[in-house]
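Q: If you want the working numbering, it's the 1-based position in the sequence shown plus 1030. Ideal Cβ placement from N, Cα and C applies to all residues, glycine included. Quick one: the structure is below, and I'll ask about it shortly.
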Amino acid sequence: MKHKSLTKYSVLAVLFVAASCTKLDENSLLYDQVTEANFYKTDKQLASAVGAAYSPIYGYNGAFFNLNEVTTDEVVVPTRGADWGDGGHWVRLKTHTTNATDSQPANGWNLGFNGVTTCNKLLAALAVSQSPTAVTYVAELKALRAIYYYWLLDLFGNVPITTDFSDVALPATKPRAEVYAFIEKELLENIDKLPKIGTGDGPYYGRVTYYVAEATLAKLYLNAQTYTGTPQYDKALAACDIIINSGKYQLMSNYVDIFSRNNIGSTESIWAIPFDGVKAKGFNMNMETLHLQSQNTYQMNNQPWNGFASVQEFYQSYIDPAQNPGPQGTVVGLDPKGTPTTGTLDKRMLNNFIVGPQFQADGVTPLTDGGADKTDPDGQPITLTPYVNELQPNAWRQAGARIGKWQFYKGMLTDLDNDLAIYRYADILLMKAELIARKSGNWNDPVTLALMNQVRTLHGGVSPLPSLTAATFLAERGREMFAESYRRQDMLRFGTYNSKYRFHDADASTNVNIFPIPEPQINANPKLTQNPGY
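Okay, structure coming up:
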């Protein structure tokens, strides 16, 4: 573990420390003073400079989790009296009534365009370098810029394209299909210049490599019908197969290890953000989801915020009532509060959620909540239940299975040490399984079933599914990829995003499939065109 820790800190020195020193503002970067004579001569100087382009990614969880999970059937942020009201924007995310003044779309927009702008700045500066390795860093920056644009394409659809840092003209909105074509072109033109580095904890851990670019192409093509109206199944399959056939990745035998505190070097991580509770902050799922009193369980330095929870039906989807029925409509393996008890349980369920009675750090003394709601039948002893009594205004403080997918540990700070995978190998296998089914029109294609069950049986420890439909495939994909910021994208692809589910009525319009361009951006740039319906 020592080797991994040392490597992680060396990676952070490139990806985060260098970036934090520049603060991403023009004056501190001093690009007008960079010349061939005074900088960008050595590989170390080039790597240090390029590290600044990754700084915005440390806001990935906050920007993209909220937009891609809270809007779906997986996650809910109920208003708990005075807590999590926040002007109603969490409720608007769940009900698909977000507006252009809400903070969450602004966070996604700002992350994407901060990344684009920083890449453009660095590319302008690298133009003066005569280093033989500069071409690799230019390719890395262009591929990273394409990824930032891929995220913007997914969230907002129609966005401006800007590549020239010296151009002071305000950019105009471009149609979604044009943004898609730009991303594809940038990735294809630069991918072969990127290092073919696979799993490991070396100097390219956390950076854009050949396989990161292929994974981005796979995602772009998988969702091409959503973005352009034209499916690209063959292109998506080709990208998936390059990753699979490389032999550089493999499924982790223990699902828990993928998300542990010391998960650097996971054989599933194609691209991960190397978070650190002190040196590289930004991953605070512990604060967002845990009960206020869980501070005592984990001996934390700050009190959690008691917010994010899973939707009850999604939590319970880990046990199939048709295969495992209990008396009077209950499910074997769940007690009346939804807490796992007996029966064959999906190991991913046990890892992904925190439910049931909660205890002090000794594991014996019950936690209590003196401010528990009077209407809560559990009273003051804290028992986290999958059932959420209402979305607003008075959800019980104990309501909702909490998101425990990433290991929580005693003494953890406000920010977690766990690295967060943006792309992982299990996702690629599931993408290939889906693509084969879509191409053949058969969800029971033998390859689709084999790939799906390979992931399911190893990670879930449950029996293979004998058959699939589009609905059961989506459900199984959800169980594997829970809370990894892809659920909205998946539901759009399967046509369920606008349907009725807990706390969300069916949408009257598909305009809500993308988010509004933030009002401050519209006000600052009259060439931007607001998305329809906003």
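For A1431 versus F1383, is the C-beta distance shorter than 7 angstroms?
A: Cβ distance < 7 angstroms, so A1431 and F1383 count as in contact.
Q: N1331 and H1321 look like a contact to me (Cβ under 8 angstroms); what is the Cβ gap, rounded to whole Å?
A: That pair is no contact at about 16 angstroms.
Q: If we call anything under 7 angstroms between Cβ atoms a contact, is Q1410 one with T1398?
A: For Q1410 and T1398, yes; Cβs fall inside 7 angstroms.
Q: Go ahead and pull the three-state DSSP assignment for S1340.
A: strand
Q: Which residue's Cα is closest to the Cα of G1259: L1558, V1146, R1206, L1459?
A: R1206
Q: How many Å lie between E1244 and P1407 at the Cα?
A: 51 angstroms
Q: I'd like the list of long-range same chain contacts for D1475, defined as Cβ closer than 6 angstroms, with 5 residues on each side in sequence excluded.
A: I1466, A1467
Q: Measure from the alpha carbon of I1227 to the alpha carbon of each residue in T1444, E1170, F1195, then state which is nearest.
A: E1170
Q: Just to check my reading of the structure: T1109 and A1425 have Cβ atoms closer than 8 angstroms, yes? What is that Cβ distance to the nearest angstrom?
A: Taking a contact as a CB-CB distance under 8 angstroms, the pair T1109 and A1425 counts as one, their CB atoms being some 6 angstroms apart.
Q: Between N1150, V1107, D1535, which lies nearest to D1194 when the distance is taken from Cα to Cα?
A: Among N1150, V1107, D1535, the Cα nearest to that of D1194 is on N1150.
Q: Tell me where the beta strand (DSSP E) around L1450 begins and ends.
A: Following the DSSP letters along the chain, one finds L1450 inside the beta strand (DSSP E) bounded by residues 1450–1454.
Q: Let's test the definition: count the other Cβ atoms within 10 Å of the Cβ of L1479 and tell me whether it reaches 16, buried, or not, exposed.
A: buried
Q: Would you kindly report the start and end of the unbroken alpha helix (DSSP H) that includes S1299?
A: Counting along the chain, no alpha helix (DSSP H) covers S1299; the unbroken beta strand (DSSP E) around it starts and ends at 1299–1303.
Q: If contact is defined by three or more beta carbon pairs under 8 angstroms, each pair taking one atom from either stretch, is the region 1076–1094 in contact with the region 1500–1512?
A: no
Q: Please list the terminal residues of the continuous alpha helix (DSSP H) segment that includes Y1251.
A: First-last of the alpha helix (DSSP H) with Y1251: 1240–1252.
Q: What span of residues does the alpha helix (DSSP H) with R1175 cover, start to end?
A: 1164–1186
Q: To the nearest angstrom, report how far apart A1083 and L1174 are at their CA atoms.
A: Between A1083 and L1174, the C-alpha separation is close to 8 angstroms.
Q: In terms of residue numbering, what span does the alpha helix (DSSP H) encompassing Q1484 cover?
A: 1476–1485
Q: With 16 as the cutoff for other CB atoms within 10 Å, does K1557 come out buried or exposed?
A: exposed
Q: Output yes or no for whether 7 angstroms exceeds the beta carbon distance between D1291 and Q1428.
A: It is worth fixing the name first, because residue 1291 is Arg in this sequence and not Asp. Taking C-beta atoms as the reference points, R1291 and Q1428 fail to come closer than 7 angstroms.
Q: Who are the Cβ neighbours of I1191 in its own chain at under 8 angstroms, not counting the five residues just before and after it?
A: So the qualifying residues of the chain are Y1179, P1201, K1204, E1208, V1209, F1212.
Q: Considering only the alpha carbon of each residue, which of D1197, K1172, T1256 lies closest to K1215?
A: K1172
Q: If you measure between the beta carbons of F1545 and D1449, is that distance less than 7 angstroms?
A: no
Q: Going along the chain, which residues of its own chain have a beta-carbon closer than 8 angstroms to the beta-carbon of L1522, five neighbours each way excluded?
A: N1253, T1256, N1543
Q: Given this structure, state the Cα-to-Cα distance separating Y1345 from S1159, to the nearest angstrom.
A: The C-alpha of Y1345 lies about 53 angstroms from the C-alpha of S1159.
Q: Spatial neighbours of K1530 within its chain, please: C-beta separation below 6 angstroms, excluding the five flanking residues on both sides.
A: A1536
Q: So, using beta-carbon positions, are Y1285 and H1126 closer together than 7 angstroms?
A: No, the pair does not count as a contact, with Cβ atoms beyond the cut-off.
Q: Counting only the same chain and skipping the five closest in sequence on each side, list residues whose C-beta sits under 7 angstroms from that of K1435.
A: F1289, N1381, N1382, F1512, A1513
Q: If we count the other Cβ atoms within 10 Å of its Cβ and call it buried at 16 or more, is P1562 buried or exposed?
A: In the assembly as shown, P1562 is an exposed residue. Its beta-carbon has fewer than 16 other beta-carbons within 10 Å.
Q: Among all the DSSP beta bridges, which residues are the ones paired with N1424?
A: R1110
Q: Would you kindly work out how many angstroms separate the C-alpha atoms of Y1235 and S1085, rounded to a whole number?
A: Linking Y1235 to S1085 through their CA atoms gives a straight-line distance of about 15 angstroms.
Q: Nearest CA to the CA of A1500: which residue from A1463, I1349, A1164?
A: Comparing alpha-carbon positions, the option among A1463, I1349, A1164 lying closest to A1500 turns out to be A1463.
Q: Kindly give me the distance between the Cβ atoms of T1540 and N1528, rounded to whole angstroms, as I take these residues to be in contact under 8 angstroms.
A: 6 angstroms
Q: My output table needs one value for K1440: the three-state DSSP class, helix, strand or coil.
A: Here K1440 sits in coil by DSSP.
Q: Given a cut-off of 7 angstroms, decide if P1135 and P1550 are closer than it, judged by their beta-carbon atoms.
A: P1550 places its beta carbon 7 angstroms or farther from that of P1135.
Q: Is L1218 buried or exposed, if buried means 16 or more other CB atoms sit within 10 Å of its CB?
A: exposed
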